[in-house]
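See below for the structure under consideration.
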Amino acid sequence: MDELFGWRLPLGEGINQAKDWLVSTFSVIWNFIRDLLLILYDALEAILTLPPWWLVIVTLAGLCWVAARRLGLRPPATWWVLGGAAVALLLIDTAMWLLDRLDVEFTPRSTGFGSLALFDLARPSFLLQFLPPSLVMILLLTLLGWAARGWLFALGAFGALVLIDLVALWPRTMSTLAMVIVACGIAALLAIPIGIAAARSRAVSAITKPVLDFMQTMPALVYLVIAVALFRVGLPPGLVATIIFAMPPGIRLTELGIRQVDAEVVEAGHAFGSPPGKILRQIQLPLALPTIMAGINQVIMLALAMVVLAGLAGAGGLGQSVVQGITRLDLGLAIEAGLGVVILAIYLDRTTAALGSRSMAARLQQTA
Amino acid sequence: MPALRAEGLYKVFGRRAQDAVQRLREGASNDDIARMGATPAVVDANFQVSPGEIFVVMGLSGSGKSTLLRMLNGLLEPTAGHVYVSGEDVTALRPAALRRLRQERMSMVFQHFALLPHRTVAENAAYALRVRGVDKVTRLEKATEALSMVGLEGWEDKLPHQLSGGMKQRVGLARALAAETDIMLMDEAFSALDPLIRREMQDQLLKLQASLNKTIIFITHDLNEAMRLGDRIAVMRAGRIVQIGTAEEILQDPANDYVAQFVQDVDRTRVLTAATVMEAPRTVVVDTGGPRAALRTMREAQTTAAFVVSRNGRLRGSVRDEAAQAAVNRGSKSLTELLEAPASVSPDTLLADLFAPSAESPLPVAVVDADGKLRGVIPRVTLLAAMASLTTGATTESPLSTPEPTSITVDAPEARLRDEAAPRPLG
Numbered sequence: 001m002d003e004l005f006g007w008r009l010p011l012g013e014g015i016n017q018a019k020d021w022l023v024s025t026f027s028v029i030w031n032f033i034r035d036l037l038l039i040l041y042d043a044l045e046a047i048l049t050l051p052p053w054w055l056v057i058v059t060l061a062g063l064c065w066v067a068a069r070r071l072g073l074r075p076p077a078t079w080w081v082l083g084g085a086a087v088a089l090l091l092i093d094t095a096m097w098l099l100d101r102l103d104v105e106f107t108p109r110s111t112g113f114g115s116l117a118l119f120d121l122a123r124p125s126f127l128l129q130f131l132p133p134s135l136v137m138i139l140l141l142t143l144l145g146w147a148a149r150g151w152l153f154a155l156g157a158f159g160a161l162v163l164i165d166l167v168a169l170w171p172r173t174m175s176t177l178a179m180v181i182v183a184c185g186i187a188a189l190l191a192i193p194i195g196i197a198a199a200r201s202r203a204v205s206a207i208t209k210p211v212l213d214f215m216q217t218m219p220a221l222v223y224l225v226i227a228v229a230l231f232r233v234g235l236p237p238g239l240v241a242t243i244i245f246a247m248p249p250g251i252r253l254t255e256l257g258i259r260q261v262d263a264e265v266v267e268a269g270h271a272f273g274s275p276p277g278k279i280l281r282q283i284q285l286p287l288a289l290p291t292i293m294a295g296i297n298q299v300i301m302l303a304l305a306m307v308v309l310a311g312l313a314g315a316g317g318l319g320q321s322v323v324q325g326i327t328r329l330d331l332g333l334a335i336e337a338g339l340g341v342v343i344l345a346i347y348l349d350r351t352t353a354a355l356g357s358r359s360m361a362a363r364l365q366q367t368a
Numbered sequence: 369m370p371a372l373r374a375e376g377l378y379k380v381f382g383r384r385a386q387d388a389v390q391r392l393r394e395g396a397s398n399d400d401i402a403r404m405g406a407t408p409a410v411v412d413a414n415f416q417v418s419p420g421e422i423f424v425v426m427g428l429s430g431s432g433k434s435t436l437l438r439m440l441n442g443l444l445e446p447t448a449g450h451v452y453v454s455g456e457d458v459t460a461l462r463p464a465a466l467r468r469l470r471q472e473r474m475s476m477v478f479q480h481f482a483l484l485p486h487r488t489v490a491e492n493a494a495y496a497l498r499v500r501g502v503d504k505v506t507r508l509e510k511a512t513e514a515l516s517m518v519g520l521e522g523w524e525d526k527l528p529h530q531l532s533g534g535m536k537q538r539v540g541l542a543r544a545l546a547a548e549t550d551i552m553l554m555d556e557a558f559s560a561l562d563p564l565i566r567r568e569m570q571d572q573l574l575k576l577q578a579s580l581n582k583t584i585i586f587i588t589h590d591l592n593e594a595m596r597l598g599d600r601i602a603v604m605r606a607g608r609i610v611q612i613g614t615a616e617e618i619l620q621d622p623a624n625d626y627v628a629q630f631v632q633d634v635d636r637t638r639v640l641t642a643a644t645v646m647e648a649p650r651t652v653v654v655d656t657g658g659p660r661a662a663l664r665t666m667r668e669a670q671t672t673a674a675f676v677v678s679r680n681g682r683l684r685g686s687v688r689d690e691a692a693q694a695a696v697n698r699g700s701k702s703l704t705e706l707l708e709a710p711a712s713v714s715p716d717t718l719l720a721d722l723f724a725p726s727a728e729s730p731l732p733v734a735v736v737d738a739d740g741k742l743r744g745v746i747p748r749v750t751l752l753a754a755m756a757s758l759t760t761g762a763t764t765e766s767p768l769s770t771p772e773p774t775s776i777t778v779d780a781p782e783a784r785l786r787d788e789a790a791p792r793p794l795g
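Spelled out as structure tokens, the structure:
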């Protein structure tokens, strides 16, 4: 007789029953969320693993634009550079596709991309006919890093990313990156409006504060369990848990940034008869941008931290490698995967921080 | 119709604000209300501002002046009372209409400039027009115009952080001017500037006002600023308006001890004018009268000099009793050749500018209007008394400063006899 009074409180059964009820009653919602997340993830993962033609063209043309500005050109000259680069790349790409279509063998890598339609969104870039897909993606990321932080950072990024490829963890890393982008994108989309609402209404702020505290301190593992119950094992519970775990800094810093905008400037907006929406767009958001970007930066970092736990729920990516390493007691694998997470984290942190500091408000803060 | 009228304005912060207003109307003190858990910021404010007037609200920190200003354009909602702008009740307007009012009729200048740091000077000056929906070209044109009115041409493309405090406030002023509103609210607009710049800005404002004639409501805690700028001044204390009047009225006739104490450090010589302190001239002689008549008048009034005016009151000059006596002895019948030119000033001359003429002339300073008519005189003693804030009735008027007690005052006939003996030194 283990039970007190000879009777066992059916708490666990009650919770399980509640869970079953929740899952079946709102199954439409859960399935919708699950499917949406899977669609977003699959698309992103495909793009990152086999960079499509339009991504390469847009990125390279954009980098030409950045280079033009760095060299001192000003609009409209910079727009001409952008347009010219885009057109040139498009022409090269089309030519390559044509050649591939006509089965002209000129590289060892002609992989039949020409079988896809010219403007098929999934058609890989012509560069993949010369380089392995991972290297193409590494180059794009390196160039992005150059645009954000200069050539020294780009060099380091190149080396670190190649290292990941050399330990055969590139596909998993791209999977993790896709997860991070989906999770952070959704988290940012939810966090910024909530933060704005909290900044404008004392009531909303009072409600969100305890909720945020809860979200940040509740062990993420518990989210995972609930999410798995609702969305079934796989990627979606990992994403949902990541979104919930990573959102709070976005909300807090958005609210903080907007509240910290000089009250007198906002008052001036009111005094000259500006409607509240315009005051938000023209005064508060531009001036709060550095703080909001700092919030997004934190969202990204937290999302990466969740990656490993997401691996426990079967989400794949580097998290899965870490879990494998732990369960098989394979220290080497665990450290390789952990290193991959760290490299990705540093890269994303530095790049997004640099992009955030280019806004007018941020530059003003730096000179102040 | 007044440009702006405040009627029974109350602002109470905290709980049970309406209750508090009711209590205040019944005569409760601020402490009673504080005990209720509410804070009275403005209590029963009533005033009117005429078009083209600079109306200054003056008070110490916490007197409620900034709160009062913000109720005028609806930034703060009054707990009770009404504000009428050209007859329209601002307090009853819906938000959209209130915004339109602020766009078109009222602009504001802030203590800490309130410029958008991420926009250029020109874009800042054009902000009010942008809110109103004016297209980019027109609004930048008007902004550039406004900026040159305040002396900032050439700075249009700079950012606010590149400007000094005084220049930033000029941009704030330009922004309010570019809005082309009738009414301008200025919230301690010059309080954050250093004294020299503050004076320059006051001069600038007065100069602009001379050509633009806006209705300005100006908040300040600086007495001298209030006295300098204000056509009329309202003194506030603990949320209540204690006195409303011109600078001179407040100086000469403070409503209570608080106001009197408040203004005691004001530089009176920069507020009071000749017109405020002058007295009626006691000895005035018409130019057609002749030396004999002049002497008789002076003897009767027991003065040693007299002012000579033409038939229609225009000041011709002054004449002294010795000169008149000498003329009588000579048999001359005309006053004209005896005339001396006295020191004369216009009625709106500040006291500060009367010291030099008063010191240089042995006669009282004559106050002469634009037509040349003699309006009054200011003896030295009167000038001193005005500075000491004594009312003018306390002085005994005499055209010459009375001699020191060591000498004996004798009446005119005996003085004449003495004069014939030896020339008398001037007082």
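Those sequence lines, one after another, are chains A and B.
Per the working numbering, residue 1 is the first one in the first sequence, and the count goes up by one each step.
Per the working numbering, residue 369 is the first one in the second sequence, and the count goes up by one each step.
We put the CB at the ideal spot given by N, CA and C, even for glycine.
Using a cut-off of 7 Å between C-beta atoms, extract the partners of Ser274/A located in chain B. Val499
Using 8 Å as the limit for Cβ to Cβ distance, is Glu13/A near chain B? no
Does the beta-carbon distance from Gly273/A to Arg467/B come in below 8 Å? yes
Asp555/B: first and last residue of the uninterrupted beta strand (DSSP E) it sits in: 551-555
Going by DSSP in three states, Leu647/B sits in which element: helix, strand or coil? The identity of residue 647/B in the sequence shown is Glu, whereas the question assumes Leu. In the structure shown, Glu647/B sits in a strand (DSSP, three-state: E or B).
Check whether the Cβ atoms of Leu553/B and Met476/B sit closer than 8 Å, and answer yes or no. yes
Mind the definition here: the segment 688-701 of chain B touches the segment 602-622 of chain B only if three or more C-beta pairs lie below 8 Å; say whether that holds. no
Fully enclosed by the segment 634-683 of chain B, which beta strand (DSSP E) runs are 3 residues long or longer? 652-654, 673-677
Taking 8 Å as the threshold (beta carbon to beta carbon), is Met360/A in contact with chain B? yes
Simplified DSSP state of Asp457/B, which is helix, strand or coil: strand
Express the C-alpha separation of Val489/B and Leu573/B in angstroms, rounding to a whole number. 19 Å
For a cutoff of 8 Å on Cβ pairs, would you count Pro485/B as touching chain A? yes
Mapping the DSSP letters down to three states, classify Asp349/A as helix, strand or coil. helix
Whether Val687/B touches Leu718/B by CB criterion (8 Å): no
Three-state secondary structure (DSSP) at Met476/B? strand
Under 8 Å between C-beta atoms, does Met369/B make it to chain A? no
Secondary structure of Phe370/A, DSSP reduced to three states: A question about residue 370/A goes unanswered here, because the residues of chain A that appear run from 1 up to 368.
Distance between Ile47/A and Asp330/A (C-alpha atoms, nearest Å): 31 Å
Please determine, among Arg200/A, Arg350/A, Ala337/A, His270/A, the residue with the shortest C-alpha to C-alpha distance to Met439/B. His270/A
Alpha carbon to alpha carbon, what distance is there between Tyr495/B and Gln416/B? 29 Å
Spatial neighbours of Ser134/A within its chain, please: CB distance less than 7 Å, with the 5 preceding and 5 following residues excluded, ordered by chain position. Asp165, Trp170
Quick check: the segment 502-520 of chain B against the segment 534-546 of chain B, are there 3 or more CB pairs under 8 Å? yes
Along chain B, which residues have their Cβ under 9 Å away from the Cβ of Leu287/A? Leu484, Pro485, His486
Can you check DSSP and say which residues form a bridge with Thr588/B? Met426/B
For Met476/B, return the contacting residues in chain A, with the cut-off set at a CB-CB distance below 8 Å. Ala268, Ala271, Phe272
With 8 Å as the threshold, decide whether the Cβ of Leu461/B is near any Cβ in chain A. no
Beta-carbon proximity check, Ala754/B vs Ser729/B, cutoff 8 Å: no
Proximity to Ala615/B [Cα-Cα], best of Ala606/B, Arg608/B, Ala628/B: Ala628/B
Pull out every residue of the segment 585-615 of chain B whose Cβ sits closer than 8 Å to any Cβ of chain A, in chain order. none
With a floor of 3 residues, list each beta strand (DSSP E) that falls wholly inside the segment 531-579 of chain B, ordered by position along the chain. 551-555
Is the Cβ of Leu443/B closer than 8 Å to any Cβ of chain A? yes
What does the alpha-carbon distance come out to for the pair Leu280/A and Gly250/A? 17 Å
With distances taken from CA atoms, which of Val634/B, Asp571/B, Val411/B is nearest Tyr378/B? Val411/B
Classify Leu731/B: buried if its beta carbon has 16 or more other beta carbons within 10 angstroms, exposed otherwise. buried
If I measure Cβ to Cβ from Ala85/A and keep anything under 7 Å in the same chain, skipping five residues before and after, which residues do I get? Leu60, Ala61, Cys64
Looking only at DSSP bridge pairs, what is Gly382/B linked to? Ala406/B
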